[in-house]
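S.K.: One structure is given below, represented as structure tokens, and several questions about it will come after.
In this note's numbering, the protein residues as written are 8 to 99.
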């Protein structure tokens, strides 16, 4: 959870805001589990359920939304740097 919080905060500092798509509690999310924006717990996602190491799944855009997709493509370096900064804060 600490890594998810740090990544969410780093993305938030770049001006990115959580997708409303997930705030509607789709995909059986348990709802927000953190004070950091956009952090949800999804217990039944295959990629998180079938790993032997700690994992965080980061979704920065809903590509079904053309505006999200274009913003993610235009800002991908900034997004990658924010995720990297969040992970570094988590493991330091």
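Don't be surprised by glycine CBs; every beta carbon is placed ideally from N, CA and C. Quantities reported herein were computed from a predicted structural model and do not represent experimental measurements.
1. I believe residue 90 touches residue 17 by the beta-carbon criterion, under 8 Å. Please report the beta-carbon distance rounded to the nearest angstrom.
2. Out of 97, 98 and 93, state which residue places its alpha-carbon closest to the alpha-carbon of residue 21.
3. My assumption, with CB atoms under 8 Å, is that residue 12 sits in contact with residue 43. Please give the rounded CB distance.
4. Are the Cβ atoms of residue 74 and residue 86 separated by less than 8 Å?
M.R.: Short version:
1. Here the question's residue 90 lines up with position 83 in the chain shown. Here the question's residue 17 lines up with position 10 in the chain shown. That belief holds up - the Cβ atoms of residue 90 and residue 17 are roughly 7 Å apart, short of 8 Å.
2. Walking along the chain shown from the start, residue 21 turns up at place 14. Checking every option, the nearest Cα to that of residue 21 belongs to 93.
3. The residue labelled residue 12 in the question sits at position 5 within the chain shown. The residue labelled residue 43 in the question sits at position 36 within the chain shown. So it is a contact: roughly 4 Å between Cβ atoms.
4. For the purposes of this step, residue 74 is taken as the residue at position 67 of the chain shown. For the purposes of this step, residue 86 is taken as the residue at position 79 of the chain shown. Not in contact: residue 74 and residue 86 (Cβ atoms no closer than 8 Å).
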